[in-house]
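Asker: Structure below; questions to follow.
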Amino acid sequence: QVQLVESGGGLVQPGGSLRLSCVASGFSFSTSAMSWYRQAPGEVRDFVASSFNGGRSTNYASSVKGRFTISRDNAKNTVYLEMNSLKPEDQGVYYCNAQTSSDYEYWGQGTQVTVSS
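For reference, each letter of the sequence shown is one residue, going 6 to 122 in the working numbering.
Spelled out as structure tokens, the structure:
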């Protein structure tokens, strides 16, 4: 059974930091591309960052480049999203996404990030 379980969301002030985690099980984590997406109320789900090639390659949305860092620990089947200098426009539900080498795609249940003073 495939599971992606996110954690680490919460309320943070503008300029603050959060680290999200996503623990995966039920598929080959190390060979899968792992990504983070976010969705604000009334908006489509947007790409944030991805880690692929076993973690040797990363890609970021332009809006988060330089502020967010995606990383992964293949031994722990966990992908992280370090978010710094958070802005109100960063808030939303953050989802973990896995795309396997066989082109199966999985989603977590999401974790809420609220950026507000």
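By construction, the Cβ of each residue, glycine as well, lies at the ideal position given by its N, Cα and C atoms.
Could you give the distance in angstroms between the alpha-carbon of Pro93 and the alpha-carbon of Tyr111?
Answerer: Sequence index remark: in the sequence shown, residue 93 carries index 88 (1-based). Sequence index remark: in the sequence shown, residue 111 carries index 106 (1-based). Taking the straight line from one Cα to the other gives about 28 Å.
Asker: Could you compute how far the alpha carbon of Asp95 sits from the alpha carbon of Ser12?
Answerer: Here residue 95 corresponds to residue number 90 of the sequence shown, with the count starting at 1. Here residue 12 corresponds to residue number 7 of the sequence shown, with the count starting at 1. If I take the Cα positions, the gap works out to 16 Å.
Asker: Please look up how many angstroms separate the CB atoms of Met39 and Ser55, rounded, as I've assumed it's under 8 Å.
Answerer: By 1-based counting over the sequence shown, the position of residue 39 is 34. By 1-based counting over the sequence shown, the position of residue 55 is 50. Yes, Met39 and Ser55 are in contact; Cβ-Cβ is about 7 Å, under 8 Å.
Asker: Restricting to Cα atoms, I'd like to know which of Gly60, Leu91, Thr119 and Val69 is closest to Thr83.
Answerer: For the purposes of this step, residue 83 is taken as the residue at position 78 of the sequence shown. Of the candidates Gly60, Leu91, Thr119 and Val69, the one whose C-alpha sits nearest the C-alpha of Thr83 is Gly60.
Asker: Exposed or buried, what is Val120 when buried is set at 16 or more other beta-carbons lying within 10 Å of its beta-carbon?
Answerer: Taking the sequence shown and counting its residues from 1, the one referred to as residue 120 is at position 115. Flag for Val120 reads buried.
Asker: Can you tell me the Cβ-Cβ gap for Gln8 and Tyr100, rounded? I've got them flagged as a contact below 8 Å.
Answerer: Taking the first residue of the sequence shown as 1, we reach residue 8 at position 3. Taking the first residue of the sequence shown as 1, we reach residue 100 at position 95. With a Cβ gap of about 14 Å, Gln8 and Tyr100 do not count as contacting.
Asker: For Tyr65 and Phe73, which I take to be in contact (beta-carbon distance under 8 Å), what is that distance rounded to the nearest angstrom?
Answerer: Counting from 1 along the sequence shown, the entry for residue 65 is found at position 60. Counting from 1 along the sequence shown, the entry for residue 73 is found at position 68. Contact flag correct, Cβ pair sits at about 6 Å.
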